[in-house]
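Novice:
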Ligand code: HEM
Ligand SMILES: [Cu+2]
Ligand SMILES: [Cu+2]
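Protein chains in written order, with the working numbering: chain A, 24 to 166; chain B, 8 to 519.
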């Protein structure tokens, strides 16, 4: 195409590519760290079904709709589903992992402060999807 | 070009016609009808979410099942019955003219492709399925009520075939029927956008077509491809679905970019800054469209390596999209711009396209996706494309084509008011939804807990939706009134730009 040079466009494209490379590299590094499950993390079995959550601790105790954990400890969730796909979500701790029937997905977190947080389902699962909610209690065992 | 209202013909003559402008008209009218129908469903959703339901207040829609059906049919309608057929309308009007051929390559096939849409639409609307626009198994197999679900599957099947037939027609028309004096490097960018889109459709759709059949037999219980109870894997469906539908999002957006390539240089009274980079970006997008489907599945339990591959594949599409934005700005630079209604829609669409793309980059940056995925952020993200970019480009194109289709001018003031209200409304709804997603609100919910921030943001979004609703009412009245009573247009140069950059709108309809 005559009449003007495309030189500004090349610079622009190079800048966009550089930016994307930077975003990609940062994301890669962050995800690598996030996915590294700490040793000795306590396992909590999470079972999703229409439309509630069941939690089973390592010692065999079960909770429905509520989850009690201790502050400062690391936990590894093993997530299953009994029927359709759900998604286990503690938004305040950026915990998000699908519960897929026939698979076990894992994700971990380590609550760093005492508090109460929402648990919810983030994948459409039918009639009561909107209310497939639960509560996370992060407690201090010494008090 | 068509001038239906000045030289009226019996309606059946248009319906049984195979001429490209007649089929274009059928596509145009039906797709706009579905824009209004699908849009009404969106208003219903936003009104329901204006307030959380507390003890009988704040609830407008009877139950969550109805709500779920509404958002399913909303999405299905606007994607498959508005955006895609609208692009076909534009393609039918312009592609043959741009390649200087008398009609589409296969006129009868063209008519068949159009006439597959009404029965499909009837199936989708009478069924009113509830399993969202991606019919994810095992929900869609074991839980979604029939016959709605089965009707949706058949409807989509028909739409897929229609889309492939249309695509074949465009490819042949452009490659084989273009005027012998014309090289492929002289085909206007709008026609190029149809070439790129059609190739993507032909490569991508068969995968979904297969998945739909498997879904149907799974529902009938004779197979268990996606049903874990029978040893199947629901995630296999996700792969098949997104292998089709990530490319399909480019199928939706590329024609809209093509329409902007028609409008922006015209109203800037300058040639396009770089034709070559426009073509290059279209070709690039069609290729990289196939490298990123997995970004919809980061939370299904993908390995780190898989996620990395799909993230890189997604980021690879960004420079090509960004090249279009550059091309538009460079074209407008130093142009004698006339901000008539079509130009406003096109420029507004580009601004929102940029914002939408930025949000997409956040989605694909792996750890961030776990904040945004399946939250209202994603709803905001893709609506900035489907509404902010595609509907904006398309509506700009409606105004642009109006004088050629009707022989009359629309009301310019009403067109501008329509634009301003829609632009403000779109920002209110979809920027707010991004933030709402960061606050953790899941998508596809009939109701939500009364968290003050969630309530406030839902209300902003609902008000924005009402503003868009009002603007669309103005649009409808303007279109209907002006096509009958508007000022006669100067069809040589309806926008007073100086005829220099015009295509001769010379389609010869044998019935006129
Ligand atoms: C710069 C280009 C783009 C990037 C980087 C991008 C990235 C993404 C990512 C990563 C997701 C997944 C989000 C999630 O579910 O967690 C997504 C969702 C989506 N995107 Fe984009 N996208 C881009 C362009 C487009 C375009 C052009 C369209 C459409 C016209 C589009 C339509 C959609 C849709 C419909 C969804 C959501 C589908 C659903 O879950 O229902 N995107 N995008
Ligand atoms: Cu759910
Ligand atoms: Cu995608």
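Cβ atoms here follow ideal geometry from the backbone N, Cα and C, with glycine treated the same way.
Would you give the residue range spanned by the alpha helix (DSSP H) that residue 165(A) belongs to?
Specialist: No alpha helix (DSSP H) holds residue 165(A); DSSP gives it neither H nor E.
Novice: To the nearest angstrom, how far is the alpha carbon of residue 43(A) from that of residue 328(B)?
Specialist: So the two alpha carbons sit approximately 12 Å from each other.
Novice: Quick check: does the Cβ of residue 72(B) come within less than 7 Å of any heavy atom belonging to ligand 2?
Specialist: No; taking the cut-off as 7 Å, the Cβ of residue 72(B) has no heavy atom of ligand 2 nearer than that.
Novice: Report yes if the CB atom of residue 106(A) is closer than 8 Å to the CB atom of residue 146(A), and no otherwise.
Specialist: Their beta carbons are not under 8 Å apart, which means residue 106(A) does not touch residue 146(A) by this criterion.
Novice: Would you say the stretch 83-103 of chain B touches the stretch 194-208 of chain B, given that touching needs at least three Cβ pairs under 8 Å?
Specialist: Segments in contact, yes.
Novice: Give me the DSSP bridge partner(s) of residue 99(A).
Specialist: Looking at the DSSP assignment, residue 99(A) forms a beta bridge with 66(A), 131(A).
Novice: To the nearest angstrom, how far is the alpha carbon of residue 185(B) from that of residue 197(B)?
Specialist: When rounded, the distance between both Cα atoms is 14 Å.
Novice: Within 10 angstroms of its Cβ, does residue 505(B) collect 16 or more other Cβ (buried), or is it exposed?
Specialist: Exposed, because fewer than 16 other Cβ atoms sit within 10 Å of the Cβ of residue 505(B).
Novice: Following a CB-centred definition, is residue 37(B) positioned closer than 7 Å to any heavy atom of ligand 5?
Specialist: Ligand 5 is not part of the structure shown, which contains ligand 1, ligand 2 and ligand 3 as its ligands.
Novice: Expressed to the nearest angstrom, what Euclidean distance is found between the alpha-carbon atoms of residue 439(B) and residue 53(B)?
Specialist: Rounded to whole angstroms, residue 439(B) to residue 53(B) spans 13 Å at the Cα level.
Novice: Could you tell me if residue 20(B) is buried or exposed, where buried requires 16 or more neighbouring beta carbons within 10 angstroms of its beta carbon?
Specialist: Per the 10 Å Cβ criterion, exposed.
Novice: Count the C-beta pairs between the stretch 43-55 of chain A and the stretch 368-383 of chain B that are closer than 8 Å, then say yes if the count reaches three, no if not.
Specialist: Touching, yes.
Novice: How would you call residue 343(B), buried or exposed, if buried means at least 16 neighbouring beta carbons within 10 angstroms?
Specialist: Flag for residue 343(B) reads exposed.
Novice: Along chain A, which residues have their Cβ under 7 Å away from the Cβ of residue 307(B)?
Specialist: Per Cβ cutoff of 7 Å: 121, 123.
Novice: Between residue 303(B) and ligand 3, is the CB less than 7 Å from at least one heavy atom?
Specialist: Yes - ligand 3 has a heavy atom lying nearer than 7 Å to the Cβ of residue 303(B).
Novice: Can you find a heavy atom of ligand 2 that lies under 7 Å from the Cβ of residue 147(A)?
Specialist: The answer is yes for residue 147(A).
Novice: What are the residues of the stretch 223-241 of chain B that lie near chain A, defined by any Cβ-Cβ distance shorter than 7 Å?
Specialist: Those residues of the stretch 223-241 of chain B that come within reach of chain A (Cβ to Cβ, closer than 7 Å) are 235, 240, 241.
Novice: Since residue 378(B) contacts residue 449(B) with CB under 8 Å, what's their CB separation in whole angstroms?
Specialist: Not really, about 12 Å apart at Cβ, beyond 8 Å.
Novice: Quick check: what's the CA-CA separation for residue 24(A) versus residue 283(B)?
Specialist: The predicted position of residue 24(A) is uncertain, since its pLDDT is 43 and thus under 50; a value taken from the coordinates is nonetheless stated next. Between residue 24(A) and residue 283(B), the C-alpha separation is close to 7 Å.
Novice: Which one of 222(B), 208(B), 274(B), 362(B) has the shortest CA to CA distance from residue 292(B)?
Specialist: Residue 208(B) is the option with its Cα nearest to residue 292(B).
Novice: Give the residues of chain A in contact with residue 373(B), contact being defined as C-beta atoms less than 8 Å apart.
Specialist: Neighbours of residue 373(B) on chain A, chain order: 50, 51, 53, 54.
Novice: Going by alpha carbons, who is nearest to residue 273(B) out of 396(B), 131(B), 338(B)?
Specialist: Out of 396(B), 131(B), 338(B), 338(B) has the C-alpha closest to the C-alpha of residue 273(B).
Novice: Of the choices 152(A), 137(A), 143(A), 141(A), whose alpha-carbon is the least far from that of residue 166(A)?
Specialist: Ranking 152(A), 137(A), 143(A), 141(A) by Cα distance to residue 166(A) puts 137(A) first.
Novice: Mind listing the chain B neighbours of residue 32(A)? Cutoff is C-beta to C-beta under 9 Å, in chain order.
Specialist: Within 9 Å Cβ-Cβ: 280, 281, 284, 330, 333, 334, 337.
Novice: Using only CA atoms, which one of 281(B), 121(B), 257(B), 267(B) lies nearest to residue 399(B)?
Specialist: When each option's Cα is compared against that of residue 399(B), the closest is 267(B).
Novice: I need the straight-line Cα distance from residue 508(B) to residue 188(B), nearest angstrom please.
Specialist: For residue 508(B), the pLDDT reaches just 48, beneath the cut-off of 50, and the residue's location in the model is therefore unreliable, although a value from the coordinates is still provided. Going by the C-alpha atoms only, they are around 20 Å apart.
Novice: What does residue 161(A) touch in chain B if you count any residue whose Cβ is under 9 Å from its own?
Specialist: Result: empty, since nearest Cβ-Cβ is about 17 Å, beyond 9 Å.
Novice: Would you mind stating whether residue 433(B) and residue 395(B) have Cβ atoms separated by less than 8 Å?
Specialist: Contact flag set, yes.
Novice: Strictly under 8 Å for the Cβ-Cβ distance: is residue 366(B) near chain A by that measure?
Specialist: Chain A contact via Cβ: absent.
Novice: Going by C-alpha to C-alpha distance, which of 307(B), 100(B), 336(B), 495(B) sits closest to residue 33(B)?
Specialist: Looking at the Cα atoms, 100(B) is the closest of the given residues.
Novice: For residue 149(A), return the contacting residues in chain B, with the cut-off set at a CB-CB distance below 9 Å.
Specialist: Per Cβ cutoff of 9 Å: 71, 72, 75, 137, 138, 146, 150, 151.
Novice: At a Cβ cut of 9 Å, what residues of the stretch 338-361 of chain B count as close to chain A, listed as they run along the chain?
Specialist: Per Cβ criterion, the list is empty.
Novice: Measure the CB-CB distance between residue 403(B) and residue 356(B) and report whether it falls below 8 Å.
Specialist: A contact, by the Cβ cut-off of 8 Å.
Novice: Using a Cβ-Cβ distance cut-off of 8 Å, determine whether residue 315(B) contacts chain A.
Specialist: Yes, residue 315(B) counts as interfacial toward chain A.
Novice: Where does residue 423(B) sit, in a helix, a strand or coil, going by DSSP?
Specialist: Three-state result, residue 423(B): helix.
Novice: Taking 8 Å as the threshold (C-beta atoms), are residue 131(A) and residue 71(A) in contact?
Specialist: It is not a contact, given that the beta carbons lie outside the stated cut-off.
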